[in-house]
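All remarks here apply to the structure that follows.
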Amino acid sequence: MTNQTPHAAGRLERILAYMVAGVVGLSILAFLAVIIGTAAGAGADNGFGQGVWPVVLALPLFGLPLGFLLIIALMVMTALRRAREARQNRE
């Protein structure tokens, strides 16, 4: 039997994973803040057009696609690392 020890993720993979979690988590929190703000009446009389609300409204528009791209980059990096490890184990 072969000795299969799981390889720890590299530094860049960990950074990407934390970036995905942070960007997507912050976008979801912003989305929930908009829902709660709308229910509380903050959107009345153009309330979402002033203060911090424009940033909160735009965050999910940019954060979720960025999180998707980061997930794809993380998957590609992991697949390349696994292929490289498999090639080294075969030799």
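Going by this note's numbering, 68 is the number at position 72 of the sequence shown; the sequence numbering is gapless. The beta carbon of each residue, even a glycine, is placed where N, CA and C say it ideally should be. As the structure is a prediction and not an experimental result, all values here were calculated from the model.
Exposure label - residue i; buried when at least 16 CB within 10 Å
i	result
LEU65	exposed
VAL19	buried
PRO61	exposed
PRO56	buried
GLY63	buried
Close Cβ partners of residue i (< 7 Å) along its chain, the five nearest in sequence each way excluded
i	result
ILE67	VAL16
ALA13	LEU70
VAL52	ALA26, ALA29 and VAL30
Residues of its chain near residue i, where Cβ-Cβ distance is below 6 Å and the 5 sequence neighbours each way are ignored
i	result
ASN42	none
ARG80	none
Which listed residue (the options) has its alpha carbon closest to that of residue i
i	options	result
GLY6	GLN84, PHE44, LEU76 and GLN46	LEU76
LEU8	GLN46, THR74 and GLY47	THR74
Cβ separation of residue i and residue j, assumed to be a contact under 8 Å, to the nearest whole Å
i	j	result
LEU22	GLY59	6 Å
ALA38	PHE44	7 Å
Cβ neighbours of residue i in the same chain (closer than 8 Å, five flanking residues each side left out)
i	result
PRO50	PHE44
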